[in-house]
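S.K.: Could you have a look at this structure, given as structure tokens, before my questions?
There are 2 protein chains.
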Amino acid sequence: MPKLDLSQIPFKGGSTYPGKLAQAMARRSSQRLGDAGGLTQYGVNMVRLEPGAASSLRHYHMQQDEFVIVTQGTCTLIDDDGEHTMQPGDCATFPAGDANGHHLVNKSDAPALFLVVGTRTETETGHYSDLDMKVTMDATGFKFTRKDGSPLTAEQIGE
Amino acid sequence: MPKLDLSQIPFKGGSTYPGKLAQAMARRSSQRLGDAGGLTQYGVNMVRLEPGAASSLRHYHMQQDEFVIVTQGTCTLIDDDGEHTMQPGDCATFPAGDANGHHLVNKSDAPALFLVVGTRTETETGHYSDLDMKVTMDATGFKFTRKDGSPLTAEQIGE
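Chains Z and U supply the protein sequences, listed in that same order.
FYI, full-length UniProt numbering numbers position 153 of the first sequence as 153, with every residue one higher than the one before it.
FYI, full-length UniProt numbering numbers position 116 of the second sequence as 116, with every residue one higher than the one before it.
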């Protein structure tokens, strides 16, 4: 039925980032609400950040609109303009193609949760603001490279 | 900047429903968060229901995924399966083409708020579960008709 049974949707951790970059995603987990409810046109995830955790490496999307609303605790939105404290009910939008890299970090001493919505597209490019890295996505999956398209270095990924 | 200044985004009432059908939308208002933040691929609205208000006439979408999360108060989700109480944090999904008409009603004595996300598409058809009515949308706007495409009757819209 349309109302989701949240108790049946697990919070899962893990990361698609290569090598040691995945370590930045420790203490972050998420519930894939949209998938659980049969949505396909956009993803909707409830993200839980333990103290010290980050939502992602700081990035922006070229093709996908992104929206967040904090639902519990305190998050710090970090973007090109600095740090912005976000409390429950606070919202932020990241239009596709806006080259303002962003992520949310939990700098508090209690868990924080936010809901994030992102369009599903057949292809996508994401740029990482603080690293020489981009990600391209197509039907074959994700591919992380340096910004010029060359492979990530051993120094970057620790392999 | 990405973080929205919610104090600058008005809650607006009103309805696109024709004639007396618009009366069903009294005591409902919404903040157009996605539009305010420059999103175009989906709409994100914070909807406020005063006691007795409804989110919409009970309906379903053929082309647009819909997602809701209650953020304050208590809403009653009414769909083909009956009534489902929704408290803050409760979520529901309505995949495009799922012919389960739904709306949220505030049966409590305090205001309720929910966030709703809906895909933006170039065309759309919506079906109303409790009325002989559908809506079609294209570049020229909305058009409400009977389910067979004929004009709504004077009895239906009170004109």
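Glycine is no exception: its CB is placed at the ideal position from the N, C-alpha and C atoms.
Everything numeric in this text was worked out from a predicted model, so none of it was measured.
Please confirm if PHE114 (chain U) has its CB atom under 8 Å from at least one CB of chain Z.
M.R.: no
S.K.: May I have the straight-line CA-CA distance separating LEU131 (chain Z) from LEU21 (chain Z), to the nearest angstrom?
M.R.: 10 Å
S.K.: Of all the residues that make up the segment 70-94 of chain Z, which are near chain U by a beta-carbon distance shorter than 7 Å?
M.R.: THR71, LEU77, ASP79, ASP81, HIS84, MET86, GLY89, ASP90, CYS91, ALA92, THR93, PHE94
S.K.: Would you report the Cα separation of GLY43 (chain Z) and ASP79 (chain U), rounded to the nearest angstrom?
M.R.: 23 Å
S.K.: Residues of chain Z with a CB under 8 Å from the CB of GLN41 (chain U): which are they?
M.R.: TYR42, GLN64, ASP65, ALA96, THR119
S.K.: Where does MET137 (chain Z) sit, in a helix, a strand or coil, going by DSSP?
M.R.: strand
S.K.: Can you find a CB in chain U that lies within less than 8 Å of the CB of GLY37 (chain Z)?
M.R.: Cβ-Cβ to chain U under 8 Å: yes for GLY37 (chain Z).
S.K.: At 3 residues or longer, and completely inside the UniProt domain "Cupin type-2" (46-117) of chain U: list those beta strand (DSSP E) runs for me, N to C.
M.R.: Entirely contained in the UniProt domain "Cupin type-2" (46-117) of chain U, the beta strand (DSSP E) runs reaching 3 residues are, in chain order, 59-61, 66-72, 75-79, 82-86, 91-94, 103-105.
S.K.: In three-state DSSP terms, what is ALA30 (chain U)?
M.R.: Looking at the sequence shown, residue 30 (chain U) is not Ala but Ser. If DSSP states are grouped into helix, strand and coil, SER30 (chain U) belongs with the strands.
S.K.: Cβ atoms of ARG28 (chain Z) and VAL47 (chain Z): under 8 Å apart, would you say?
M.R.: One thing to note: VAL47 (chain Z) has its Cβ within 8 Å of the Cβ of ARG28 (chain Z).
S.K.: For LEU104 (chain Z), would you say it is in contact with chain U, using Cβ-to-Cβ distances shorter than 8 Å as the test?
M.R.: no
S.K.: Any C-beta of chain Z sitting closer than 8 Å to the C-beta of MET1 (chain U)?
M.R.: Output row for MET1 (chain U): interface = yes.
S.K.: What are the boundary residues of the beta strand (DSSP E) that includes GLU122 (chain Z)?
M.R.: From DSSP, GLU122 (chain Z) is part of no beta strand (DSSP E); its letter is neither H nor E.
S.K.: So LEU4 (chain U) contacts chain Z; which residues on that side make the cut at Cβ distance below 7 Å?
M.R.: CYS91, ALA92, THR93
S.K.: By the criterion of Cβ-Cβ separation under 9 Å, what are the contact partners of ASN100 (chain Z) in chain U?
M.R.: MET1, PRO2
S.K.: Within this structure, are the beta carbons of residue 164 (chain U) and GLU122 (chain U) separated by less than 8 Å?
M.R.: There is no way to answer for residue 164 (chain U), as the model of chain U reaches only from 1 to 159.
S.K.: Taking 8 Å as the CB-CB cut-off, is GLY126 (chain U) touching chain Z?
M.R.: no
S.K.: Measuring CA to CA, which of Z:GLY101, Z:LYS107, Z:HIS61 is closest to THR136 (chain Z)?
M.R.: The residue with the shortest Cα to Cα distance from THR136 (chain Z) is Z:HIS61.
S.K.: Need the endpoints of the alpha helix (DSSP H) that ILE157 (chain Z) sits in, please.
M.R.: 154-157
S.K.: If you measure between the beta carbons of HIS103 (chain U) and SER56 (chain U), is that distance less than 8 Å?
M.R.: yes
S.K.: State yes or no: is the C-beta of GLY19 (chain Z) within less than 8 Å of the C-beta of ILE157 (chain Z)?
M.R.: Cβ atoms of GLY19 (chain Z) and ILE157 (chain Z): closer than 8 Å.
S.K.: Would you say LEU33 (chain Z) faces chain U, with C-beta separation under 8 Å as the test?
M.R.: yes
S.K.: Where does LYS12 (chain U) sit, in a helix, a strand or coil, going by DSSP?
M.R.: strand
S.K.: Smallest Cα separation from THR40 (chain U): which of Z:GLU83, Z:VAL68, Z:ALA96, Z:ALA139?
M.R.: Z:ALA96
S.K.: Between MET86 (chain Z) and the rest of its own chain, which residues show a CB-CB distance below 6 Å, the 5 nearest in sequence each way excluded?
M.R.: VAL70, CYS75, LEU77
S.K.: According to DSSP, simplified to helix, strand and coil, what is LYS20 (chain Z)?
M.R.: If DSSP states are grouped into helix, strand and coil, LYS20 (chain Z) belongs with the helices.
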